[in-house]
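Working notes, beginning with the structure itself.
Residue numbers (this note's numbering): 782 to 1061.
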């Protein structure tokens, strides 16, 4: 470990302990809403997944009524499933209880979330997410054609306030305003950009950085990145294709994160991206 890396290791603490990711989310979207029969089928499938012992259905109903009091029972009985949540939390009704994994299904989208994941565990984490939700993904891909595939990575860490941002962030990054390195105020900024690909595809990346107080003599930096592969001409997608697309997006994330952080922090987190970065 270099002297710089050793100094940073004593003064920087990833929010997930030894893990560098707060949250890792993999998903895809489609254009046509799922009908109620299929939402019920998916809810039943989620209930059979051993790693997701809790399944919560969120329902909604919209209807014109003359007498709210007398018509309430009818309104309740005709409600539709609009959101399915499967997770490893506790309690039948408390959606926000502590959990490490979570599966979400909307009428036009699917997402799997993992909390506190290490950078070095990408392959393992992706495989676990796809294997756990395979029965649901297979049912969805038999019916819908994804219009986009997405990967969201949220990384945060606390650091001693005495550290300068030139030690934490890449001073050459075109995405970071120079005022960040010159002032002492807290800040947040956001960027988006497109990368056109062959066959009408494109990758849209949206990310934000936020600097905020954490505790006495401690500050926090949050980097949230969303990478979406948009299909210009949607076509059928297999589970293997999804896996490959997520790998592509993850490499984009590694490259972006490493271009935002200083060399010392990149070494500390074990990021070794291949190819060009977005620094200049």
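Note that beta-carbon positions come from the ideal geometry of N, C-alpha and C, so glycine has one too.
I need the DSSP call for residue 1059, collapsed to helix, strand or coil.
Counted from its first residue, the chain shown places residue 1059 at position 278. With a pLDDT of only 46 at residue 1059, under the threshold of 50, the placement of this residue in the model should not be trusted, and no figure is reported.
Reducing DSSP to helix, strand and coil, say where residue 818 ends up.
Position 37 of the chain shown, counting from 1, holds the residue named residue 818. Helix, per DSSP.
Give the single residue among 861, 1048, 832 whose Cα lies nearest to the Cα of residue 880.
In the chain shown, residue 880 corresponds to position 99, counting from 1. Comparing Cα positions, the closest option is 832.
Using only CA atoms, which one of 942, 1042, 791 lies nearest to residue 956?
Position 175 of the chain shown, counted from the first residue, corresponds to residue 956. Here the closest residue by C-alpha is 1042.
Assigned exposure category for residue 793 - 16 Cβ within 10 Å defines buried
Walking along the chain shown from the start, residue 793 turns up at place 12. Label assigned to residue 793: buried.
Closest by C-alpha distance to residue 938, when choosing among 819, 1046, 1011, 864:
Your numbering for residue 938 matches position 157 in the chain shown. Among 819, 1046, 1011, 864, the Cα nearest to that of residue 938 belongs to 1046.
Pick from 795, 1031, 815 that is closest to residue 861, judged by C-alpha positions
The sequence position of residue 861 within the chain shown is 80, counting from 1. For the residues 795, 1031, 815, the minimum Cα distance to residue 861 belongs to 815.
Going by C-alpha distance, which of 869, 885, 870 is nearest residue 863?
Locating residue 863 in the chain shown gives position 82, where the first residue counts as 1. Among 869, 885, 870, the Cα nearest to that of residue 863 belongs to 885.
Can you tell me the Cα-Cα spacing of residue 1011 and residue 836, whole angstroms?
The residue given as residue 1011 occupies position 230 in the chain shown. The residue given as residue 836 occupies position 55 in the chain shown. Near 30 Å, if we compare the C-alpha coordinates of residue 836 and residue 1011.
Taking 9 Å as the cut-off, decide whether the C-beta atoms of residue 1007 and residue 933 are in contact.
For the purposes of this step, residue 1007 is taken as the residue at position 226 of the chain shown. For the purposes of this step, residue 933 is taken as the residue at position 152 of the chain shown. Yes, Cβ-Cβ distance for residue 1007 and residue 933 is below 9 Å.
Do you know how far the Cα of residue 810 is from the Cα of residue 1033?
Taking the first residue of the chain shown as 1, we reach residue 1033 at position 252. Taking the first residue of the chain shown as 1, we reach residue 810 at position 29. Going from the Cα of residue 1033 to the Cα of residue 810 covers about 20 Å.
From 812, 888, 1017, residue whose alpha carbon lies closest to that of residue 840:
What you label residue 840 is simply residue 59 of the chain shown in a count that begins at 1. Here the closest residue by C-alpha is 888.
Per DSSP, which residues does residue 929 bridge with? Please list them.
As a working note, residue 929 is residue 148 in the chain shown. Answer is 810, 1011, bridged to residue 929.
Beta-bridge pairing of residue 832 - partner residues as DSSP gives them:
If you number the chain shown from 1, residue 832 lands on position 51. In the DSSP output, where bridge partners are listed per residue, residue 832 has none listed.
According to DSSP, simplified to helix, strand and coil, what is residue 937?
Here residue 937 refers to the residue found at position 156 when the chain shown is read from its first residue. It is a strand residue.
Take residue 999 and list the residues in its own chain whose beta-carbon comes closer than 6 Å to its own, dropping the five residues that flank it on each side.
For the purposes of this step, residue 999 is identified with residue 218 of the chain shown, where counting begins at 1. Once the five neighbours on either side are set aside, the close Cβ partners of residue 999 are 939.
Thinking just about the alpha-carbon of each residue, which of 866, 808, 842, 923 is nearest to the one in residue 834?
Here the question's residue 834 lines up with position 53 in the chain shown. That would be 866, whose Cα lies nearest to the Cα of residue 834.
Residue 987 - DSSP class collapsed to helix/strand/coil
The residue given as residue 987 occupies position 206 in the chain shown. Residue 987: strand per DSSP, three-state reduction.
With DSSP as the reference, label residue 969 as helix, strand or coil.
Working through the chain shown from its first residue, we reach residue 969 at position 188. Three-state result, residue 969: strand.
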